[in-house]
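Only one structure is covered here, and it is reproduced in the block below.
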Amino acid sequence: MVSIATWNINSVRLRIDQVERFLTEQAPDVLCLQEIKVAEHLFPHEMFERLGYVHRAVHGQKGYHGVATVSRLPFRDFSKHDWQDNGEARHIGIELLGAGQGLIVENVYIPAGGDVPDRAVNAKFGQKLDFLGRMTRWADAIDRPTLIVGDFNVAPLDCDVYDHKALLKVVSHTPIEVETLGTFRDAHGWVDLGRRFIPAPERNYSWWSYRSYWREKDQGRRLDHMWASPELAPQARAHRFVEETRRWEQPSDHVPLITEFDL
């Protein structure tokens, strides 16, 4: 079995202790991190090396965004797309070798999109939709078993948010975002592993705002995803979200997801 995890860590250096605890307790073979907020030359390699994650691919930038994939299994760098079309570090792709031979793992951090769901008055919202459009054109040409994971910043189903009606005009759950993400899904027939193993309408949140007392109000959204290409999906054996990390001291606002594959 090969286990692959994804986690928007919201600063890998600030939360390096939480990452170490997660890797020690959960021991995934591969961990995809988003929003690492660090330039590549300052990435904290030492801890990962010490725990046996000796294979690392980092696409970072100072202070913002950034993604990294660390692994106990060998891999080769596979792709680095600028779907934002402005040089921001939001994607890294690898091809697993060894036990996961041939599997492509794409790690992506889709833009949040600002606060106003109207591209005419909010350029960030337009950039988010265009980002998804570029991903969709890319997905049309995929011809390898592929897993795409990360912070998609979209909660696609009515039950993926704590209050569907209240959030219809809130960025991350607007109809245009859901439709645009659905077009990306259909471009390759992606299988949403989160909902394959935790069927709707079961609660399956991955993000809670720092602005609310999350355990009391449980105002969550399912923004983080692991989607498998059609030929890979049948090899997925289990999927879970690790909500306990949100209770740790100085936590990320996202929790990790883990899927196990029989490769």
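Going by the numbering used here, the sequence shown opens with residue 25, and the numbers climb by one from there. Note that beta-carbon positions come from the ideal geometry of N, C-alpha and C, so glycine has one too.
As computed with DSSP, ALA81 is found in a beta bridge with THR93. In this structure, DSSP gives GLU64 a helical state, which the three-state scheme calls helix. The beta carbon of THR198 is closer than 7 Å to those of PRO141 and LEU192 in its chain, skipping five residues each way along the sequence. HIS69: member of the alpha helix (DSSP H) spanning 69 to 74, first to last residue. Nearest to PHE99 by C-alpha distance, out of HIS83, PRO68 and ALA123, is ALA123. Taking each of LEU127, LEU287, ILE222 and ASP109 in turn and checking the Cα distance to ASP101, the smallest one comes out for LEU127. Annotation for ILE118: the continuous beta strand (DSSP E) segment containing it runs 115 to 120. Listed in chain order, the non-local C-beta contacts of GLU112 below 6 Å within the same chain comprise HIS89, local neighbours out to five positions each way being set aside.
Secondary structure of VAL202 (DSSP, three-state): helix. For ASP101, the enclosing beta strand (DSSP E) has its first and last residue at 99 to 103. Under the three-state reduction of DSSP output, GLY213 falls in the coil class, being neither helix nor strand.
DSSP places MET159 in the uninterrupted alpha helix (DSSP H) bounded by 147 to 163. In this structure, VAL26 and VAL62 do not form a Cβ contact; the two beta carbons are roughly 27 Å apart against a cut-off of 8 Å. GLY87 is classed as exposed because its beta carbon has fewer than 16 other beta carbons within 10 Å across all chains shown. Rounded to whole angstroms, the separation of the alpha carbons of ALA81 and ALA163 is 22 Å. Assigned with DSSP and collapsed to three states, PHE46 falls in helix.
Along the length of the region 235 to 276, whole alpha helix (DSSP H) runs at least 4 residues long occupy 238 to 241, reported in chain order. Looking at the DSSP output, GLU284 shares a beta bridge with SER27 and ALA262. Around the beta carbon of ASP109, a 10 Å sphere encloses fewer than 16 other beta carbons of the protein chains shown; the residue is thus reported as exposed. Taken through DSSP and simplified to helix, strand or coil, ILE128 comes out as strand. Just so you know, the alpha carbons of ARG161 and HIS115 end up roughly 15 Å apart. By the Cβ-count criterion, GLY137 is buried, with 16 or more other Cβ atoms from all chains shown falling within 10 Å of its own Cβ. Counting of Cβ neighbours within 10 angstroms places VAL145 among the exposed residues, the total staying below 16.
Annotated as distal: LEU47 and LEU66, with beta-carbon spacing of 7 Å or more. Excluding residues up to 5 positions away in sequence, LEU156, PHE176, VAL178 and PRO180 lie with their Cβ nearer than 7 Å to the Cβ of LEU205 in the same chain.
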